[in-house]
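For the sequence shown, position 204 (counting from the first letter as 1) is numbered 205 according to our numbering, and the numbering increases by one without interruption. Idealized CB from N, CA, C, for every residue including glycine. Reading through the structure tokens given below for one structure.
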Amino acid sequence: MLIIGCSNSRKLAKKVAKNIKAEYSALTVKKFPDGELYIKFEADLKNKEVILVQTLYPANESLLEIILAGHTAKELGAKKIKLVIPYLAYIRQDKRFNPGEAVSSKIIGKLLNFFDEIITIDPHLHRYKSLNEVFHTKTKNLTANQLIMDYISKKYKKPMIVGPDEESYQWAKQIAEKIKADVAILKKTRYSPKKVKVKIESKIEIKNKEVIIIDDIISTGKTILKTIEHIKKNNPKSISVIGIHGIFADKITYEKIRKNTKEIATTNTISNKHAKIDVTGLIANSL
Ligand code: R5P
2 MLIIGCSNSR
12 KLAKKVAKNI
22 KAEYSALTVK
32 KFPDGELYIK
42 FEADLKNKEV
52 ILVQTLYPAN
62 ESLLEIILAG
72 HTAKELGAKK
82 IKLVIPYLAY
92 IRQDKRFNPG
102 EAVSSKIIGK
112 LLNFFDEIIT
122 IDPHLHRYKS
132 LNEVFHTKTK
142 NLTANQLIMD
152 YISKKYKKPM
162 IVGPDEESYQ
172 WAKQIAEKIK
182 ADVAILKKTR
192 YSPKKVKVKI
202 ESKIEIKNKE
212 VIIIDDIIST
222 GKTILKTIEH
232 IKKNNPKSIS
242 VIGIHGIFAD
252 KITYEKIRKN
262 TKEIATTNTI
272 SNKHAKIDVT
282 GLIANSL
């Protein structure tokens, strides 16, 4: 087995290779002066089971890189090619919300179906019930929920879990139930990619509680920030944030989140300075 670290997941890929004692090689990626991508494998791929590891943030160039790499690996004689995508971008675009829009997730699925297997962590399955609605190739859908539970259990005595919207139940509610913590799932209305509103539907007691907001993706951070602002009115003891995929695309929002929280923790599906929950073992076991 040969693990290939693509440009956005080299560190993680290296750790996975070490964990399963597999050969590791980094994919060389450069840019031509006009912006076109250049990729080159440095290891011999012939007759090997090749695992490409690449998170899809930033989404577009990362995607093009794995399409070039995957096809090249086939041409170079790889026996089998698996793609590990720690964070699967584009999956939220799972329907035509407005006439004329692309259902991007399905199109991305078609582009990646030539891989023998696709492994990903906590994809945002909302309207889709399974990855089989996106990909026709073999897939594995891993979850970091257990790692998050372990993290919370080590650091918090009696936290209260808050999910910012109905879609967060797969993470917030399931984690809360397993660690036997109180949970509140808020109602979110999204007006645009950067404008969201959240509200607490039922009467819940937040006063003096150690609140942990859990969501799958922290993208602009607006969902988390609105949740923090809403919860703060109820005088909690502290507010922490745990996200699986930490993008933090909007720096001003990020700063506001940081200033208003006891801590921010994410997994390392996307490398960022809050990536305290390590998914190496999760990926390694799936291989
Ligand atoms: C969608 O429902 C997801 O679970 C996240 O809540 C959402 O993607 C977060 O996006 P943002 O950080 O841009 O508000």
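Residue i - DSSP class collapsed to helix/strand/coil
{"i": "MET150", "result": "helix"}
{"i": "ARG191", "result": "strand"}
{"i": "LYS252", "result": "helix"}
{"i": "THR267", "result": "strand"}
{"i": "LYS260", "result": "helix"}
{"i": "GLU211", "result": "strand"}
{"i": "GLY282", "result": "helix"}
Own chain partners of residue i with C-beta closer than 7 Å, once the 5 adjacent residues on each side are dropped
{"i": "ALA276", "result": "GLY247, THR267, THR268, ASN269"}
{"i": "PRO194", "result": "THR221"}
{"i": "GLY307", "result": "Missing from the structure shown is residue 307; the chain here goes from 2 to 288 and no further."}
{"i": "LYS41", "result": "THR29"}
{"i": "ILE201", "result": "ALA185, LEU187, HIS231"}
Span of the alpha helix (DSSP H) around residue i
{"i": "ALA18", "result": "11-20"}
{"i": "SER105", "result": "105-113"}
{"i": "ALA145", "result": "From DSSP, ALA145 is part of no alpha helix (DSSP H); its letter is neither H nor E."}
{"i": "LYS227", "result": "223-233"}
Minimum C-alpha distance to residue i - residue among the options
{"i": "ILE82", "options": "ASP279, LEU69, LYS49, GLN94", "result": "LYS49"}
{"i": "THR138", "options": "SER239, ILE245, ILE120, PRO124", "result": "ILE120"}
{"i": "LYS260", "options": "GLN55, PRO160, ASN273, ILE225", "result": "ILE225"}
{"i": "TYR255", "options": "SER239, LYS223, ASP151, ASP117", "result": "LYS223"}
{"i": "ILE92", "options": "LEU84, LEU77, GLU76, HIS125", "result": "HIS125"}
{"i": "THR73", "options": "SER63, LYS22, GLN94, LEU46", "result": "LEU46"}
{"i": "THR140", "options": "ILE149, LYS155, PHE115, GLY164", "result": "PHE115"}
{"i": "SER1", "options": "GLU24, LEU187, ASP166, MET161", "result": "Only positions 2 to 288 of the chain appear in this structure, which leaves residue 1 out of reach."}
{"i": "TYR129", "options": "ASP95, ASN146, GLY110, LYS111", "result": "ASP95"}
{"i": "ALA23", "options": "PHE42, ASP251, LEU3", "result": "LEU3"}
{"i": "LEU187", "options": "TYR170, GLN175, LYS107, LYS179", "result": "TYR170"}
Own chain, CB closer than 6 Å to residue i, minus 5 neighbours either side, in chain order
{"i": "VAL242", "result": "ILE214, ILE225, THR262, ILE265"}
{"i": "PRO87", "result": "THR56, ILE122, THR270"}
{"i": "ARG97", "result": "VAL104"}
{"i": "LYS32", "result": "none"}
Extent of the continuous beta strand (DSSP E) run through residue i
{"i": "ILE86", "result": "81-86"}
{"i": "LYS277", "result": "276-278"}
{"i": "LYS238", "result": "Careful: LYS238 lies outside any beta strand (DSSP E) and carries neither H nor E."}
{"i": "LYS5", "result": "Lys is not the amino acid found at residue 5; the sequence shown has Ile there. 3-6 is the extent of the beta strand (DSSP E) around ILE5."}
Sequence-distant residues of the same chain with beta carbon closer than 8 Å to residue i, five excluded per side
{"i": "CYS7", "result": "ALA14, LEU28, VAL30, LEU53, VAL54, GLN55, SER63, GLU66, ILE67, ALA70"}
(request) Could I get the ranges of all uninterrupted beta strand (DSSP E) runs contained in the segment 116-143, with 3 residues as the minimum, in chain order? (result) Listed in chain order, the complete beta strand (DSSP E) runs (minimum 3 residues) inside the segment 116-143 are 118-122, 139-143.
Exercise for the section: Starting from the N-terminal side, write out each stretch of the alpha helix (DSSP H) that is 4 residues or longer and does not extend beyond the segment 15-78. Expected result: Complete alpha helix (DSSP H) runs here, min 4: 60-76.
Exercise. What residue ranges within the segment 157-187 form continuous alpha helix (DSSP H) runs of no fewer than 4 residues, ordered along the chain?
Worked result: Entirely contained in the segment 157-187, the alpha helix (DSSP H) runs reaching 4 residues are, in chain order, 173-180.
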